[in-house]
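Protein chains in written order, with our numbering: chain A, 1 to 277; chain B, 1 to 310.
We put the beta carbon where it would ideally sit given N, CA and C, even for glycine.
Keep in mind it's a predicted model, so treat the numbers as computed, not measured.
Presented below is the structure to which this report refers.
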């Protein structure tokens, strides 16, 4: 028995070697980008892969100023923060109504929202674009906020509904007995109680909005979000890799920081979304 | 005193219960509709109505400027004989054929981590890390790494292989695109599988071990069957992702090229609507893509509505 166990342990140790190599491959591209961003253009051409010996921050300054990344960065922050706030409020409202209140057509509305989850932006690209033009929402940051809300909302409503449905009903009933209005119940009970789900959704939606390129390409034309800006930078600076790498680092930094801080919530959020219940 | 309190309390409790439990309660209904209205309006205006509208467009010669004219099935006949569209379908089939790797790789890794490979927790975090990076960032970095003089070829040469122009060669570009997308998303499936594995009762595994089952036997006869629903769910979600989540990477990594070698239907819709200015034609491709998703979507909706159990 003991022999079997040690043998098994040894196998697991052996397996750990390719797994470690795979882990290295997962971080190498980012290491490469940071390393390249710290090199001068000449330094990069002379030695593409070696560790930078004389780190320079000039690329970051140049990408930030000359390539208008600061402007795109601001656009991305405004649109992401705006969309995430709207998403959380709207999803919590709908989740409260769908999970707790009894009204006709409740199930049909829930199914409608779920079905819309299965309509990706590519499938409705043309009419969606026409709708945005018709509502005068093209090339405006509020327009992009609304577009993000529309496309990332169904999953949020689904998760909030599932979350609220699992809360003990007594909580809600007790508040009702104390004479609180439904609006107050939502604000003072459902929102605070839903905090774990809202945090998860907030982070996931931040990732989606910050990282999006397709919806942003469609809605914003004169202005740009950071990801569209980086995509354009890639086209313009195919030979100036350090400058491109600096832009990449600037665009990825907020998300990497978010991941380091909220790793557990992100990981749990994905798991809950998949195998809840 | 207490009696009175209880009496009024029960009364209030009943009244309150009636206020929200009774479907006939007008004020609750009105409030509920008001609260679902923003969500419902957004998905109806920006997704459901556009879907119907797009269906209509697909039967017109709409060019984005002049008024659409009904042309029957012309667009559908057109795409059926359009070599670019057919290429995109072939590319999609090749992509779909790699599904076993997309499920198998994270599944094996998840089981290993679950069974206590040294450093498992760290691996979980690191494997998932690329999934938080945007496709633009992943694409821009790999564009440099996969060049003829890039890191990847340098690594291959060190191992004694010859260099390949991974993105510039039409026979390797699709393969490279698929590999990069797999690299950046397998951590997601891994998390899903780990969540599923945590629900497998450990005494079942212990019992199998006591009965002398080998590691691989335990996997095949106990672990995998007990998380089968989750494997199926992951397969559905991954397939949907293959049909609709590759745009960003294609846009930055290969732009569909060389030639048509990395064009997928979702990218072709974008090309036709924008650069080609053929929204009517693009709508027909959209409808084909939607049909392909239909069955998958139905499965996913069933799983999700069962999970939410409202």
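Subject >> Cutoff 8 Å: residue 127 of chain A Cβ touching any chain B Cβ >> reply: Residue mapping note: residue 127 of chain A aligns to position 127 of the first chain, counting from 1. Interface flag for residue 127 of chain A against chain B is set, since a Cβ pair is found closer than 8 Å.
Subject >> Contacting positions in the stretch 191-222 of chain A - beta carbon closer than 9 Å to chain E >> reply: Here the protein chains are A and B, and chain E is not one of them.
**OP:** Tell me the start and end of each unbroken alpha helix (DSSP H) in the stretch 12-50 of chain A that is at least 4 residues and wholly inside, in chain order.
**Re:** Qualifying alpha helix (DSSP H) stretches, in chain order: 41-46.
Original post:
Does the count of Cβ pairs from the stretch 138-155 of chain B and the stretch 244-263 of chain B closer than 8 Å reach three?
Top reply: Pairwise C-beta distances place the stretch 138-155 of chain B in contact with the stretch 244-263 of chain B, as three or more of them are shorter than 8 Å.
Original post:
Would the stretch 114-124 of chain A and the stretch 36-53 of chain B be scored as touching if the rule is three or more Cβ pairs under 8 Å?
Top reply: Three or more Cβ pairs drawn from the stretch 114-124 of chain A and the stretch 36-53 of chain B lie within less than 8 Å of each other, which places the two stretches in contact.
Original post:
Counting only beta-carbon atoms, is residue 41 of chain A nearer than 8 Å to chain B?
Top reply: In the first chain, the residue the question calls residue 41 of chain A occupies position 41. The beta-carbon of residue 41 of chain A is placed no less than 8 Å from the nearest beta-carbon of chain B.
**OP:** Establish whether the CB of residue 218 of chain B and some CB of chain A are separated by less than 8 Å.
**Re:** Numbered from 1 along the second chain, position 218 holds the residue referred to as residue 218 of chain B. Not one chain A Cβ lies under 8 Å of residue 218 of chain B.
Subject >> Outcome for residue 221 of chain B when other beta-carbon atoms lying within 10 angstroms are tallied against a minimum of 16 >> reply: For the purposes of this step, residue 221 of chain B is taken as residue 221 along the second chain, with counting starting at 1. Taking a 10 Å sphere around the C-beta of residue 221 of chain B, we find fewer than 16 other C-beta atoms and assign the residue as exposed.
Original post:
At a CB-CB cut-off below 9 Å, which residues of chain A make contact with residue 77 of chain B?
Top reply: Position 77 of the second chain, counting from 1, holds the residue named residue 77 of chain B. Chain-order list of chain A residues neighbouring residue 77 of chain B: empty, with the shortest C-beta distance near 19 Å, by a criterion of under 9 Å.
**OP:** For residue 65 of chain B, count neighbouring C-beta atoms within 10 Å of its own C-beta (all shown protein chains included) and say buried if the count is 16 or more, exposed if not.
**Re:** Your numbering for residue 65 of chain B matches position 65 in the second chain. Label assigned to residue 65 of chain B: exposed.
Subject >> For residue 175 of chain B, three-class secondary structure by DSSP >> reply: Here residue 175 of chain B refers to the residue found at position 175 of the second chain. Note: residue 175 of chain B maps to helix in three-state DSSP.
Subject >> Contact set between residue 248 of chain B and chain A, taken where Cβ atoms lie within less than 9 Å >> reply: Residue 248 of chain B sits at position 248 when you count from the first residue of the second chain. The contacting residues are 211, 212, 213, 214, 227, 231.
Subject >> Selected residue, minimal CA-CA separation from residue 44 of chain B, among A/113, A/187, A/243 >> reply: In the second chain, residue 44 of chain B corresponds to position 44, counting from 1. If we check each option's Cα against that of residue 44 of chain B, A/113 comes out closest.
Subject >> Local Cβ density within 10 Å of residue 200 of chain A, reported as buried at 16 or more and exposed below that >> reply: Counting from one through the first chain, the residue named residue 200 of chain A turns up at place 200. By the 10 Å Cβ count, residue 200 of chain A comes out buried.
**OP:** Using DSSP bridges, identify the partner residues of residue 60 of chain B.
**Re:** The residue given as residue 60 of chain B occupies position 60 in the second chain. For residue 60 of chain B, which the question treats as bridged, DSSP gives the partners B/70.
**OP:** Using a cut-off of 9 Å between C-beta atoms, extract the partners of residue 16 of chain A located in chain B.
**Re:** For this step, residue 16 of chain A is matched to residue 16 along the first chain. Neighbours of residue 16 of chain A on chain B, chain order: 112, 117, 118, 119, 120, 123.
Original post:
Which of the residues in the stretch 156-169 of chain A, read from start to end, lie with their CB under 8 Å from any CB of chain B?
Top reply: Listed in sequence order: 157, 158, 161, 162, 165.
Original post:
Using the beta-carbon of each residue, which ones in chain A are nearer than 9 Å to residue 29 of chain B?
Top reply: Start at 1 with the first residue of the second chain, and residue 29 of chain B comes out as number 29. Within chain A, the residues placing a beta-carbon under 9 Å from that of residue 29 of chain B are 101, 102, 103, 104, ordered along the chain.
Original post:
Using CA coordinates, which residue listed in B/209, B/28, B/100 is at the minimum distance from residue 234 of chain B?
Top reply: Translated into the one-based positions of the second chain, residue 234 of chain B becomes position 234. Taking residue 234 of chain B as reference, the option from B/209, B/28, B/100 with the minimal CA-CA separation is B/100.
Original post:
residue 169 of chain B by DSSP, collapsed to three states: which one?
Top reply: Indexing the second chain from 1 puts residue 169 of chain B at position 169. In this structure, residue 169 of chain B counts as coil in the three-state DSSP scheme.
Original post:
Whose Cβ in chain A lies nearer than 9 Å to the Cβ of residue 154 of chain B?
Top reply: The sequence position of residue 154 of chain B within the second chain is 154, counting from 1. The contacting residues are 48, 49.
Original post:
How about residue 219 of chain A and residue 125 of chain A: are their beta carbons less than 8 Å apart?
Top reply: Taking the first residue of the first chain as 1, we reach residue 219 of chain A at position 219. Taking the first residue of the first chain as 1, we reach residue 125 of chain A at position 125. Going by C-beta atoms, residue 219 of chain A is not nearer than 8 Å to residue 125 of chain A.
Original post:
Mind checking whether residue 76 of chain A and residue 206 of chain A have CB atoms under 8 Å apart?
Top reply: Your numbering for residue 76 of chain A matches position 76 in the first chain. Your numbering for residue 206 of chain A matches position 206 in the first chain. No Cβ-Cβ contact shorter than 8 Å links residue 76 of chain A with residue 206 of chain A.
Subject >> Coil, strand or helix - residue 54 of chain A by DSSP >> reply: Mapped onto the first chain, residue 54 of chain A falls at position 54. If DSSP states are grouped into helix, strand and coil, residue 54 of chain A belongs with coil.
Original post:
Where residue 22 of chain B and residue 301 of chain B are concerned, what is the direct C-alpha to C-alpha distance, given to the nearest angstrom?
Top reply: Translated into the one-based positions of the second chain, residue 22 of chain B becomes position 22. Translated into the one-based positions of the second chain, residue 301 of chain B becomes position 301. Any answer about residue 22 of chain B is weak, because its pLDDT of 47 lies below 50 and its placement is not dependable; what the coordinates show is given next. Roughly 28 Å between the two C-alpha positions.
**OP:** Answer yes if the stretch 92-111 of chain A comes into contact with the stretch 125-134 of chain A, meaning at least three C-beta pairs across the two stretches below 8 Å, and no otherwise.
**Re:** Contact between the stretch 125-134 of chain A and the stretch 92-111 of chain A is absent: fewer than 3 CB-CB pairs across the two stretches fall below 8 Å.
Original post:
Would residue 19 of chain A pass as a contact of residue 159 of chain B if the rule is Cβ separation under 8 Å?
Top reply: Indexing the first chain from 1 puts residue 19 of chain A at position 19. Indexing the second chain from 1 puts residue 159 of chain B at position 159. No Cβ-Cβ contact shorter than 8 Å links residue 19 of chain A with residue 159 of chain B.
**OP:** Mind listing the chain A neighbours of residue 273 of chain B? Cutoff is C-beta to C-beta under 8 Å, in chain order.
**Re:** Counting from 1 along the second chain, the entry for residue 273 of chain B is found at position 273. Ordered by position in chain A, the residues that pass the 8 Å Cβ test against residue 273 of chain B are 125, 126, 129.
Original post:
Since residue 223 of chain B and residue 296 of chain B are thought to touch, with beta carbons under 8 Å apart, how far apart are those beta carbons, to the nearest angstrom?
Top reply: Translated into positions along the second chain, residue 223 of chain B becomes position 223. Translated into positions along the second chain, residue 296 of chain B becomes position 296. About 25 Å separates the beta carbons of residue 223 of chain B and residue 296 of chain B, which is beyond the 8 Å limit, so they are not a contact pair.
**OP:** Kindly confirm or deny that the stretch 121-130 of chain B and the stretch 21-34 of chain A touch, where touching means at least three C-beta pairs closer than 8 Å.
**Re:** Contact holds: three or more Cβ-Cβ distances are below 8 Å.
Subject >> Where residue 180 of chain A falls: helix, strand or coil (DSSP) >> reply: Translated into the one-based positions of the first chain, residue 180 of chain A becomes position 180. Here DSSP, grouped into helix, strand and coil, assigns residue 180 of chain A to coil.
**OP:** Pick helix, strand or coil for residue 27 of chain B, following the three-state DSSP scheme.
**Re:** Position 27 of the second chain, counted from the start, is the residue given in the question as residue 27 of chain B. Assignment of residue 27 of chain B by DSSP, reduced to helix, strand and coil, places it in the helix class.
Original post:
Between the Cα of residue 227 of chain A and the Cα atoms of A/245, A/167, A/210, A/256, which residue gives the shortest distance?
Top reply: Along the first chain, one-based indexing puts residue 227 of chain A at 227. If we check each option's Cα against that of residue 227 of chain A, A/210 comes out closest.
Subject >> Where residue 112 of chain A meets chain B, residues with beta-carbon distance less than 8 Å >> reply: Working through the first chain from its first residue, we reach residue 112 of chain A at position 112. Ordered by position in chain B, the residues that pass the 8 Å Cβ test against residue 112 of chain A are 40, 43, 44, 48.
Subject >> Closest by C-alpha distance to residue 29 of chain B, when choosing among A/182, A/243, A/257 >> reply: Position 29 of the second chain holds residue 29 of chain B. Residue A/182 is the option with its Cα nearest to residue 29 of chain B.
Original post:
Does residue 167 of chain B have its Cβ less than 8 Å from a Cβ in chain A?
Top reply: Your numbering for residue 167 of chain B matches position 167 in the second chain. When Cβ-Cβ separations below 8 Å define contact, residue 167 of chain B makes no contact with chain A.
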